[in-house]
Amino acid sequence: FALFFAFVWGVIFKKFILNDPGTWRLPVASLFFTGVVGIWLLLFIYRWIMPNFYLQMADSQNPVVSLFGFIFQVGLWEEIIKAVPVFIALSWFKNQLKPLTFVTIGVFSGLGFAAFENLHYGETAINSAYNLTRTYDVEGLVSGVQNAMVMVMLRSVSLVFWHAVFSGIVAYFITTAYIRREKMGALIFLGIAAAAFLHGLYDWLAGIQPTLAALLAGFSFALFYGYLSKLRNAMQLANQS
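In terms of the working numbering, the sequence shown opens at residue 3 and continues consecutively.
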């Protein structure tokens, strides 16, 4: 179910938003690489490298500390992990693919991360339904199943899309840095920082005021689409010259 919606969004992104005629092989490989290897790597970093106080910031009752946690722990590291396939593709296929395809690879990386992350949340929802059933009998079962269905559906339909948008922003900056061949570090840092900020702020707002989170998500997509327009214009100028 999670992979189904990831591929649905993948078709929409590649065919209609990015309008990328390039290969499907590398984007799909990126989806599974991030979903399997990337998430494993992120969990390894969280478990063995990051201190507990850092990992618990997002769950703090202090809203300012929580916001910092969502940005500098959740948003930052997830966007770094999702950017790995873009760096790999640029290292191996730099002269074989068009710039737009590298952005597509980044988008599919975000789709893969969200799809496989949703599997974890699905398991959590099942465990929650089980505990509610043991505590409240039939009423707990009904409530738990309803909550699980709503949560899985919402995450599969909406959050998969936003993960792709955030990782697409990072991919745009990485691709632009490789095209320009100047200030590469600054451009890559700016892309990861912008996506981490938007990602963290979205997660933080989602727990406080979902309407504001939805507005921020819409702004993020508009920003991503604007970056795509800039990339297309740069490609057209390069072809003309």
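We treat Cβ as the ideally placed atom computed from N, Cα and C, and that holds for glycine.
**Study point:** Contacting residues, own chain, Cβ-Cβ under 6 angstroms from residue 77 (five flanking each side not counted)
**Key:** On the sequence shown, position 75 is the one that residue 77 refers to. Closer than 6 angstroms at the Cβ level, and outside the excluded window around residue 77, lie 198, 201, 202.
Point to revise | Member of 195, 116, 183, 237 whose CA lies at the smallest distance from the CA of residue 35 | key: Your numbering for residue 35 matches position 33 in the sequence shown. Check the Cα spacing between residue 35 and each of 195, 116, 183, 237: the tightest is with 116.
Review point. Buried or exposed: residue 63, going by 16 or more other Cβ atoms within 10 Å of its Cβ?
Key: To locate residue 63, count along the sequence shown from 1; it is residue 61. By the neighbour-count criterion, in which a residue is buried when 16 or more other Cβ atoms sit within 10 angstroms of its Cβ, residue 63 is exposed.
Review point. Would residue 167 be called buried (16 or more neighbouring beta carbons within 10 Å of its own) or exposed?
Key: Mapped onto the sequence shown, residue 167 falls at position 165. The residue is buried, with at least 16 neighbouring Cβ atoms inside 10 Å.
Practice item. Determine the DSSP secondary structure at residue 2, reduced to helix, strand or coil. Key: The first residue shown for the chain is 3 and the last is 243, placing residue 2 beyond what the model contains.
Point to revise | Minimum C-alpha distance to residue 82 - residue among 216, 163, 193, 224 | key: Counting from 1 along the sequence shown, the entry for residue 82 is found at position 80. Ranking 216, 163, 193, 224 by Cα distance to residue 82 puts 193 first.
**Study point:** Separation of residue 238 from residue 220, as counted between CA atoms
**Key:** Position 218 of the sequence shown, counted from the first residue, corresponds to residue 220. Position 236 of the sequence shown, counted from the first residue, corresponds to residue 238. Looking at the two C-alpha atoms, the distance is approximately 27 angstroms.
Check your understanding: Out of curiosity, what's the CA-to-CA distance linking residue 204 and residue 184?
Key -> Within the sequence shown, the letter at position 202 stands for residue 204. Within the sequence shown, the letter at position 182 stands for residue 184. Near 31 angstroms, if we compare the C-alpha coordinates of residue 184 and residue 204.
Check your understanding: Is residue 139 near the ligand ATP, in the sense that its beta carbon is under 7 angstroms from a heavy atom of that ligand?
Key -> Within the structure as shown, the ligand ATP is missing, as the structure has no ligands at all.
Point to revise | Residues near residue 138 in its chain [Cβ-Cβ closer than 8 angstroms; skip 5 each side] | key: Counting from one through the sequence shown, the residue named residue 138 turns up at place 136. So the list reads 145, once near-sequence residues are dropped.
Exercise for review: Could you check the C-alpha separation between residue 2 and residue 141 for me, to the nearest Å?
Suggested key: Outside the shown range of the chain, which is 3 to 243, sits residue 2, and nothing can be said about it.
Review point. Taking one C-beta from the stretch 167-176 and one from the stretch 37-51 each time, how about it: are there three or more such pairs within less than 8 angstroms?
Key: A contact between stretches requires three or more CB pairs, one per stretch, nearer than 8 angstroms, and the stretch 167-176 fails this requirement with the stretch 37-51.
Review point. By how many angstroms is the C-alpha of residue 119 removed from the C-alpha of residue 30?
Key: Sequence index remark: in the sequence shown, residue 30 carries index 28 (1-based). Sequence index remark: in the sequence shown, residue 119 carries index 117 (1-based). Within the model, the alpha-carbon separation for residue 30 versus residue 119 is close to 17 angstroms.
Review point. Mapping DSSP to helix, strand and coil, what is residue 238?
Key: Stepping through the sequence shown from its first residue, residue 238 is reached at position 236. Residue 238 sits in a helix when the DSSP states are folded into three classes.
Check your understanding: From 106, 92, 69, pick the residue whose C-alpha is nearest to that of residue 14; which is it?
Key -> Here residue 14 is taken as the residue at index 12 of the sequence shown, counted from 1. Considering only alpha carbons, the answer is 106.
Check your understanding: Do you know how far the Cα of residue 136 is from the Cα of residue 223?
Key -> On the sequence shown, residue 223 is found 221 positions in, with the first residue counted as 1. On the sequence shown, residue 136 is found 134 positions in, with the first residue counted as 1. C-alpha of residue 223 to C-alpha of residue 136: approximately 42 angstroms in a straight line.
Review point. Could you give the C-beta distance for residue 8 and residue 114, rounded to a whole number, given that I count them as a contact under 8 angstroms?
Key: The sequence position of residue 8 within the sequence shown is 6, counting from 1. The sequence position of residue 114 within the sequence shown is 112, counting from 1. Contact between residue 8 and residue 114 is confirmed by a C-beta separation of about 7 angstroms, below the 8 angstroms threshold.
**Study point:** Where residue 16 falls: helix, strand or coil (DSSP)
**Key:** Here residue 16 refers to the residue found at position 14 of the sequence shown. Helix.
Practice item. Rounded to whole angstroms, what's the CA-CA distance from residue 97 to residue 215? Just pull it up for me. Key: Position 95 of the sequence shown, counting from 1, holds the residue named residue 97. Position 213 of the sequence shown, counting from 1, holds the residue named residue 215. Rounded to whole angstroms, residue 97 and residue 215 show a C-alpha spacing of 39 angstroms.
**Study point:** From 99, 94, 60, 104, residue whose alpha carbon lies closest to that of residue 206
**Key:** Position 204 of the sequence shown, counted from the first residue, corresponds to residue 206. For residue 206, the nearest C-alpha among the options comes from 60.
Exercise for review: Would you list, in sequence order, the uninterrupted alpha helix (DSSP H) runs of no fewer than 4 residues that lie entirely inside the stretch 56-107?
Suggested key: If we require 4 residues or more, the alpha helix (DSSP H) runs fully inside the stretch 56-107 come out as 65-71, 78-95.
Practice item. Return yes when the Cβ of residue 24 is within less than 8 angstroms of the Cβ of residue 102, no when it is not. Key: Working through the sequence shown from its first residue, we reach residue 102 at position 100. Working through the sequence shown from its first residue, we reach residue 24 at position 22. Yes; because the gap between Cβ atoms is below 8 angstroms, this pair is in contact.
Practice item. Look at the alpha carbon of residue 196 and the alpha carbon of residue 95, and state the distance between them as a whole number of angstroms. Key: Along the sequence shown, read from residue 1 onward, the residue named residue 196 stands at position 194. Along the sequence shown, read from residue 1 onward, the residue named residue 95 stands at position 93. Cα to Cα, residue 196 sits roughly 26 angstroms from residue 95.
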